[in-house]
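**Q**
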Amino acid sequence: MSVIVTGGEERIGLNVFKSLRKRGVDVTVSGDNKLSCAFYSKYTQNFFVYPRPESSINAYLEKMLEVTKKKRPEMIFPVNDSTLIPISKYREKFMRYTKLPIPDDETILETHNKTKTIKRAIENDIPVPDTHFPKTVKEVERLSMDLEYPVVIKPESSKIWVGNKIAGKMVSYANSPKELVEKYRLLYEMNKPPLIQKLVQGDGYGYFALMNHGDVRAFFMHKRIREFPPTGGGSSLRESVYVREVKSLGEKFLKDLGWHGVAMVEFKYDEKDKEFKLMEINGRFWGSLKLAIASGVDFPYLLYRMEKDGDIGKVSKYKTGVRCRWLVGDIYNLVSVMAGAYNKDVGKNFNRLQALKGFFSSRSKGMNYDILDKADLMPFMVNLIYSGGTIINKVRRG
Numbered sequence: 024m025s026v027i028v029t030g031g032e033e034r035i036g037l038n039v040f041k042s043l044r045k046r047g048v049d050v051t052v053s054g055d056n057k058l059s060c061a062f063y064s065k066y067t068q069n070f071f072v073y074p075r076p077e078s079s080i081n082a083y084l085e086k087m088l089e090v091t092k093k094k095r096p097e098m099i100f101p102v103n104d105s106t107l108i109p110i111s112k113y114r115e116k117f118m119r120y121t122k123l124p125i126p127d128d129e130t131i132l133e134t135h136n137k138t139k140t141i142k143r144a145i146e147n148d149i150p151v152p153d154t155h156f157p158k159t160v161k162e163v164e165r166l167s168m169d170l171e172y173p174v175v176i177k178p179e180s181s182k183i184w185v186g187n188k189i190a191g192k193m194v195s196y197a198n199s200p201k202e203l204v205e206k207y208r209l210l211y212e213m214n215k216p217p218l219i220q221k222l223v224q225g226d227g228y229g230y231f232a233l234m235n236h237g238d239v240r241a242f243f244m245h246k247r248i249r250e251f252p253p254t255g256g257g258s259s260l261r262e263s264v265y266v267r268e269v270k271s272l273g274e275k276f277l278k279d280l281g282w283h284g285v286a287m288v289e290f291k292y293d294e295k296d297k298e299f300k301l302m303e304i305n306g307r308f309w310g311s312l313k314l315a316i317a318s319g320v321d322f323p324y325l326l327y328r329m330e331k332d333g334d335i336g337k338v339s340k341y342k343t344g345v346r347c348r349w350l351v352g353d354i355y356n357l358v359s360v361m362a363g364a365y366n367k368d369v370g371k372n373f374n375r376l377q378a379l380k381g382f383f384s385s386r387s388k389g390m391n392y393d394i395l396d397k398a399d400l401m402p403f404m405v406n407l408i409y410s411g412g413t414i415i416n417k418v419r420r421g
């Protein structure tokens, strides 16, 4: 029993790795730097560093293929976009030596493309935010005078393949026609035509599933309580819930795709229209994975068993009311709100007093944490060093 897990520098890779190791699976964890937090876990036996795909896709693939040939693992879990996209494209080279429990490359690329995702949702009568798909700056100039602000400008893909590198593209906000045209032009020059969406005000929900070629084998849902950045990013605090409509919409979308493996479908409850609207899909493991595990749905191990045995019994029950916290992200959520960061993005003031109360009231005994683990402290300490500078820069940019 052996698996290679990528992304050991992030909480996703750490929790996938620890899930499998605790079940007795032989795991080699990999990451893009020596300070990858999973390397310092007490569960770690084997690890290696690969070149960052953001610097050189070819070097990353060469290293991954070299280790795969040598170790001949049962399977590889590429847990983030930067490591998944290259392996998916060159899967035939890897599948000579191992298994890849992921959908076909065409499906991965379709869901990675926000324009195609939204259009597919519309075709399947799944509610989405009011969305426009302009193809030129001229179109945006005409459109800008008719929109209700603020709006969100989203790149077609958050990670794109540029030459020999994986590059990231950021979401932007506009509060006026002039700002929209300026920010659209900047993103348009850097990427394919971005899409423009009405900003949805409301709580965020996630539907998470393990699919076996279009058949649901396990599912889970959560509600976001806080995020970093506060305007919309990874959840820094969330709670397990069961919402029938979220389940129905998420399941419908993944079944239509014939999805295989794990996926997250993100929704927001539109307070104005009183309905759940699809925001995006992530065809991989997700940052808040620890909450699902703590609630009784161990997605990494279930995926491993399904790929090994061909199928698993359906998992349809889990604990609700369980909470889990990304402590580093939650600290910087508080810092950014207190500093007034991001207010200008969405034309909204985040309440400082509420932020303080919310932060300190989350220190309950039953709280679960994405990385912090009293029985395995080193990954948290290393991650604090590794991620702190990056997050501080995000706050400053706000």
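Just so you know, the sequence shown maps onto residues 24 to 421 in the numbering used here.
Heads up, the beta-carbon is just placed ideally off N, CA and C, and yes, glycines get one too.
Runs of 3 residues minimum, wholly inside the stretch 276 to 318: which ones carry the beta strand (DSSP E) assignment?
**A** With a minimum length of 3 residues, the continuous beta strand (DSSP E) runs that stay inside the stretch 276 to 318 are 284 to 293 and 298 to 305.
**Q** From which residue to which residue does the beta strand (DSSP E) around Lys388 run?
**A** Unbroken run through Lys388: none, as it is neither H nor E.
**Q** Between Pro126 and Gly284, which are expected to be in contact by the criterion C-beta below 8 Å, what is the C-beta distance as a whole number of angstroms?
**A** Yes, they are in contact, since the Cβ atoms of Pro126 and Gly284 sit about 6 Å apart, within 8 Å.
**Q** If you run the structure through DSSP and keep just helix, strand and coil, what is Ile335?
**A** Ile335 falls in the coil class under three-state DSSP.
**Q** I'd like to confirm something about Pro96: is its beta-carbon nearer than 7 Å to some heavy atom of the ligand MN, or not?
**A** This structure lacks the ligand MN; in fact it carries no ligand of any kind.
**Q** Tell me where the alpha helix (DSSP H) around Met87 begins and ends.
**A** First-last of the alpha helix (DSSP H) with Met87: Ile80 to Lys94.
**Q** Using a Cβ-Cβ cut-off of 8 Å (strictly less than) and excluding sequence neighbours within five positions of Asp128, which residues of its own chain qualify?
**A** Excluding positions up to five away in sequence, the list reads Ser111, Lys112 and Arg114.
**Q** So what does DSSP say about Glu32, is it helix, strand or coil?
**A** If DSSP states are grouped into helix, strand and coil, Glu32 belongs with coil.
**Q** Mind checking Tyr265: buried by the 16 CB within 10 Å criterion, or exposed?
**A** Result: exposed.
**Q** Classify His135: buried if its beta carbon has 16 or more other beta carbons within 10 angstroms, exposed otherwise.
**A** Label assigned to His135: buried.
**Q** Does the distance from the C-beta atom of His245 to that of Arg267 stay below 8 Å?
**A** No.
**Q** Secondary structure at Glu262, three-state DSSP: helix, strand or coil?
**A** Glu262 falls in the strand class under three-state DSSP.
**Q** From the DSSP output, in three-state form, read off Leu233 for me.
**A** Reduced to three states, the DSSP call for Leu233 is strand.
**Q** Following the continuous alpha helix (DSSP H) through Ser195, name the residue where it begins and the one where it ends.
**A** Unbroken run through Ser195 is the beta strand (DSSP E), Ser195 to Ala197; no alpha helix (DSSP H).
**Q** Note down, in chain order, each residue of its chain lying with its Cβ closer than 6 Å to the Cβ of Ser258, except the 5 sequence neighbours on either side.
**A** So the qualifying residues of the chain are Arg247, Glu250 and Ser311.
**Q** Taking the alpha-carbon positions, what's the Lys340 to Val239 distance?
**A** When rounded, the distance between both Cα atoms is 13 Å.
**Q** Would you tell me roughly how many angstroms separate the C-alpha atoms of Pro178 and Arg34, rounded to the nearest one?
**A** Near 25 Å, if we compare the C-alpha coordinates of Arg34 and Pro178.
**Q** Measuring straight from C-alpha to C-alpha, what distance separates Glu298 and Tyr292?
**A** Between Glu298 and Tyr292, the C-alpha separation is close to 6 Å.
**Q** Can you name the start and end residues of the alpha helix (DSSP H) that Thr138 belongs to?
**A** That run of the alpha helix (DSSP H) goes Lys137 to Glu146.
**Q** Quick check on the DSSP output: the alpha helix (DSSP H) that includes Glu250 runs from which residue to which?
**A** First-last for Glu250: Asp238 to Phe251, but that is the beta strand (DSSP E), not the alpha helix (DSSP H).
**Q** Measuring alpha carbon to alpha carbon, tell me which residue in Met193, His236, Gly306 and Arg119 is nearest Tyr211.
**A** Per the Cα distances, Met193.
**Q** From Asn391 to Asn406, what does the alpha carbon distance come to, in whole angstroms?
**A** Distance between the alpha carbons of Asn391 and Asn406 is about 17 Å.
**Q** Check whether the Cβ atoms of Leu218 and Phe322 lie closer than 8 Å to each other.
**A** Contact: no.
**Q** Our contact map puts Gly30 next to Gly54 with C-beta atoms below 8 Å; I'd like the distance itself, whole angstroms only.
**A** So it is a contact: roughly 7 Å between Cβ atoms.
**Q** Which value, in whole angstroms, describes the spacing of the CA atoms of Leu43 and Tyr207?
**A** So the alpha carbons of these two residues sit roughly 43 Å apart.
**Q** Considering only the alpha carbon of each residue, which of Thr140, Lys215, Arg119 and Thr106 lies closest to Met302?
**A** Minimum Cα distance to Met302 is reached at Thr140.
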